[in-house]
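Read the structure below first, then the notes.
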Amino acid sequence: QCINIRDLTFHSGSKYNVYTYNHPQLIHVQPSIFPHLKQLTIYVQSWTHVYQKLCTMIFGNKFPAMESVSLPYANGSCISGIKIWSPNLQYVDIQCCNKSMFYPLLDNLPNLKRFNCGLGTNNSGSLKNRNLPLEQLNVDTYDRSSASYCGSMMSLGELLDVYQCMPNLERTIIFIYDGSPLGRIMDQFNRVLSNCPKLKTFECHIESFGEMESSESADEIKKRYYLFQDSCVFACKTQRGYLRGIKMSR
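Put into structure tokens, the structure is as follows:
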């Protein structure tokens, strides 16, 4: 037993394939061996039976002391084995999170405060819980590391529906790929985020194929909304098109 270990991290080797890499020691991450584990970080790991079982234990309250977890990947195949969701998990970071796991995590982790994730699939989903405890959400809706655009995993409308369920939200960073005019995007975010009374900081990075507005027109657009009046609007050219952004802090 390693009863005194509270924090455990698995790094990758110097050369690895993200689809086949397997930590040989992962099988030893068991509640009986690490009964007081509070934080677990795994940087790289392929989807194996051992890893799937570990995800089920993490989110299924088999590590009752765990408060923070950082994982490379997660999908809904581990949900069927969960009888009681972990009440102490507050901080979750998943590099590639399928929607089959994204929505159940938000719906069922009762004390989740911060969730960072990159969406991995474009399958449909929706929230049942309309009053989430979440205080911080950082989400990538497309693969920003790819040199070519491979598609957005969540539409702007679906994303906005998620934000309508977050009355406790204080901070958020969003990366979206959308060809809509900046004025339309800011109008939609204004409608939703105006219902987040505790919001302190907000960043929205919008990439698109379309021509971006000039900085002058973007400044004119933000003046329409009290929420964005003190925000910073920026724009630049990227490999795939144009990146526009809004940063707000208050």
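In this note's numbering, the protein residues as written are 416 to 665.
By construction, the Cβ of each residue, glycine as well, lies at the ideal position given by its N, Cα and C atoms.
As the structure is a prediction and not an experimental result, all values here were calculated from the model.
Selection from the options that minimises the alpha carbon distance to residue i
i	options	result
Arg606	Ser623, Arg639 and Lys543	Arg639
Leu574	Ser492, Gln440 and Tyr557	Tyr557
Thr616	Met663, Lys477, Asn583 and Phe604	Met663
Thr424	Val444, Gln654 and Ile636	Val444
Pro582	Asp522, Pro612 and Gly598	Pro612
Val554	Asn531, Gly598 and Asp422	Asn531
Ser492	Ile600, Glu618, Leu520 and Phe449	Leu520
Lys543	Gly535, Tyr518 and Asn537	Tyr518
Asn537	Met516, Leu524, Asn523 and Asn503	Met516
Ser427	Ser461, Val577 and Phe643	Ser461
Ile661	Pro446, Lys652, Ala489 and Gln644	Gln644
Assigned secondary structure, residue i (DSSP; H/G/I helix, E/B strand, else coil)
i	result
Arg529	strand
Lys637	helix
Ile661	strand
Ile600	helix
Leu608	helix
Val577	helix
Ile420	coil
Asn523	helix
Leu542	coil
Same chain, Cβ closer than 7 Å to residue i, five either side skipped, listed in chain order
i	result
Gln603	Leu571 and Leu575
Arg559	Phe590
Ser623	Tyr592, Asp593, Gly594, Gly656 and Tyr657
Cβ shell of residue i (< 6 Å), same chain only, five flanking positions each side left out
i	result
Ser501	Phe474 and Asn476
Arg659	Leu597, Ile621, Met627 and Ala650
Gly533	Gln510, Cys511 and Asp555
Beta-carbon contacts of residue i that lie in its chain and below 8 Å, excluding the five residues immediately before and after
i	result
Leu549	Leu521, Leu527, Lys528, Arg529, Phe530, Met581, Asn583 and Leu584
Arg545	Gln579 and Cys580
query = Hey, which unbroken runs of the beta strand (DSSP E) at 3 residues or more fall wholly within the stretch 466-520?
reply = 483-489 and 506-512
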